[in-house]
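Have a look at the structure below, then the notes.
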Amino acid sequence: MYALKRDKRDEEDGGSGNPFNNLEKTTVLQEARTFNETPLNTRKCANILTKMIYLLNQGEQLATVEATEAFFAMTKLFQSNDPTIRRLVYLCIKELAGIAEDVIIVTSSLTKDMTGKEEQYRPAAIRALCTITDGGMLQAIERYMKQAIVDKNSSVSSAALVSSLHMMKSTPDVVKRWVNEAQEAVNSDNVMVQYHALGLLYQIRKNDKLAISKLLTKYTRTTLKSPYAVCLLIRIASKLIEDDDAGLESPHFDFIESCLRHKSEMVIYEAAHAIVNMKSTTPRELAPAVSVLQLFCASSKPTLRFAAVKTLNKVAMTHPAAVTACNIDLENLITDSNRNIATLAITTLLKTGSESSVDRLMKQITSFMSEISDEFKVVVVQSIRSLCQKFPRKHNVMMNFLSGILRDEGGFEYKKAIVDTIINIIEDSPDGKEAGLAHLCEFIEDCEHTSLGVKVLYLLGKEGPKTSQPCKYIRYIYNRLILEKASVRAAAVSSLAKFGAHCEELLPNILVLLQRSLLDCDDEVSDRATYYLNILYQKEAKRTLLPIHLEWFVSFCCWFGKKLCISTH
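Residues 1 to 569, numbered by the UniProt record's numbering, are exactly what the sequence shown covers, in order.
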């Protein structure tokens, strides 16, 4: 593609500027009139086509009239034999096919390119032609598609096969007649052609279990050259085993297990992944797959290490004993330069390690928590939650770690995972209740997420009155009552009322605090305050044998007057 001249400021910035940042749809559509000029300025036309494709891929919406006008102007470019222009035209046709009208006008031009001698035009022409072809027109090009599927040029054959896969969604009856050509393409020496042909055969037969079983039997007995095709066979076999609920008794399982000894690392991992994800597998049946993944943990390729440790992490959730043999290899990955790999290694060790290794692992996690993404931080927190249930005596160590990361920056899902874990510790471990509540009180002082603030306030109302010093939580709750949004204030009112109901020594102070919410601008808050005050004053009256306080009665009258005025207006 033609190089675009960069602005001088972009060159000074190291060329990082986007030359299409300030494009306007109207300007580009007006520039498209250049396509009608004679002679054609190929450099300028290529620039305009690139702009048009950029706008469409950025989500710019074109009206039908605008798209049709641009499409018909673009068809004039078929007069040019410039390869860059021609390939850009194919891309534009695919982008405008669903918007513009009468796009079938270019069918003859695309068919000519598809069957021509220019090899660099043919694959792109096939893809563009199949994009604009509907069921009525497909029969007209069926002969050309069959020829293209078995073409000697691998790019042409792959383009025809992939286009056939897409057309299966709209015209399956026509595509099913191309089975013989697809079977011939499976015997191709090209790895991608073989993979695409097998994929087309599967799509044609996927609703017939007997046909799929025959397909598997046929190609599992032969040695396919394409590792992509073998991976697809493994997935088909796994799905068939799952659908038939055949389990490990299925003959197809033997094929999957044999792929663990394949020469391609991709196929080996796919087979291990399939075995790990099968239902009702036992640690003994998992052993071969785990052994392969253990070898991958020591690979020099980061992708293999990541894939292996991620899969082992998943196995550790259901069969931690099966992964114990990999602990030494996983510990070596803790210092991996790729922090995502190190995170998964530690979380796997947390699920499979012993109680004595918890302290050491927590220290290692702390050292790089700031260097990983929120997605992996959530994985770490979830592992710690399961570890708390496994080793309840270590809740102090884990609570200190959680309180530390709770103060760090992070998104909603990350903070929610931490809060949920602390709540689980509070509910499961009485010894860690007060420490956990104290950490959550500090958290809601600067909490940006309303739903988390509400959750913590309800927890304080439930657990706070049962602690040895319930009065120390009142300040945190009342701060929310005067500083936060309406939903948080409503939760704070409910929480305060629970303290008043369960702690008689705090009841007079709680009544004073709740009275200040009677005239809250939000109806939910004021209604809750009125309701709880009524209940608590009755409790106070029964306890002291005194009538309802005059002060509360005056406040209630003020509130009722406010409601009456609002309803009148």
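Think of the CB as a built atom: it goes at the ideal place given N, C-alpha and C, for glycine as much as any other residue. The model shown is predicted, which means the values in this text are computed figures rather than measured ones.
Asked	Found
Distance between V323 and Y531 (C-alpha atoms, nearest Å)	56 Å
Inter-stretch contact at 8 Å, needing at least 3 Cβ pairs: the segment 388 to 399 / the segment 358 to 376	yes
Three-state class that DSSP yields for G116 in the structure shown	coil
Buried or exposed (CB count within 10 angstroms, at least 16 for buried), N340	buried
Within 7 Å, strictly: CB atoms of I234 and I204	no
N- and C-terminal bounds of the alpha helix (DSSP H) containing C326	From DSSP, C326 is part of no alpha helix (DSSP H); its letter is neither H nor E.
Classification of M167 by the beta-carbon crowding that lies within 10 angstroms, buried from 16 upward	buried
R360, DSSP secondary structure in three states	helix
E98 - containing alpha helix (DSSP H), residue span	Just to set this straight, residue 98 is Gly in the shown sequence, not Glu. That residue, G98, is in no alpha helix (DSSP H); it is neither H nor E in DSSP.
Rounded C-alpha distance that separates S170 from N207	16 Å
Contact check, I405 vs M362, beta carbons under 7 Å	no
Distance, I423 Cα to A490 Cα	21 Å
Residue of V103, V106, V89 minimising C-alpha distance to A124	V89
Extent of the continuous alpha helix (DSSP H) run through E285	283 to 296
Endpoints, alpha helix (DSSP H) assigned at V488	486 to 502
Check whether A307 and A289 have beta carbons under 7 Å apart	no
N- and C-terminal bounds of the alpha helix (DSSP H) containing P39	Segment: none, P39 is in no alpha helix (DSSP H) and carries neither H nor E.
For E265, the first and last residue of its enclosing alpha helix (DSSP H)	265 to 276
CB of residue 572 within 7 Å of CB of L216, strictly	No statement about residue 572 is possible, as the shown extent of the chain runs from 1 to 569 and does not include it.
Anticipated Cβ contact below 8 Å, I132 with I104, distance rounded	6 Å
Sub-7 Å separation of N190 and S155 beta-carbons	no
Where L4 sits in the DSSP three-state scheme	The pLDDT assigned to L4 is 41, lower than 50, so where the model puts this residue is not dependable, and the model offers no usable value.
Neighbour-count burial assignment, R122, 16 or more Cβ in a 10 Å radius	buried
Supposed contact pair A100 and F71 - C-beta distance, whole angstroms, cut 8 Å	4 Å
Residue burial classification, V179 (beta-carbon count within 10 angstroms, cutoff 16)	exposed
Range of the contiguous alpha helix (DSSP H) that encloses E371	First-last for E371: undefined, no H or E at that position.
V150 - DSSP class collapsed to helix/strand/coil	coil
Buried/exposed call for T311, threshold 16 Cβ in 10 Å	buried
C-beta atoms of residue 571 and Y195 nearer than 7 Å	No answer is possible for residue 571: the residues shown for the chain start at 1 and end at 569.
Distance between beta carbons of L514 and A497, contact taken as under 8 Å	7 Å
Three-state secondary structure (DSSP) of R86	helix
Span of the alpha helix (DSSP H) around residue 621	It is not possible to answer for residue 621, since the shown part of the chain is limited to 1 through 569.
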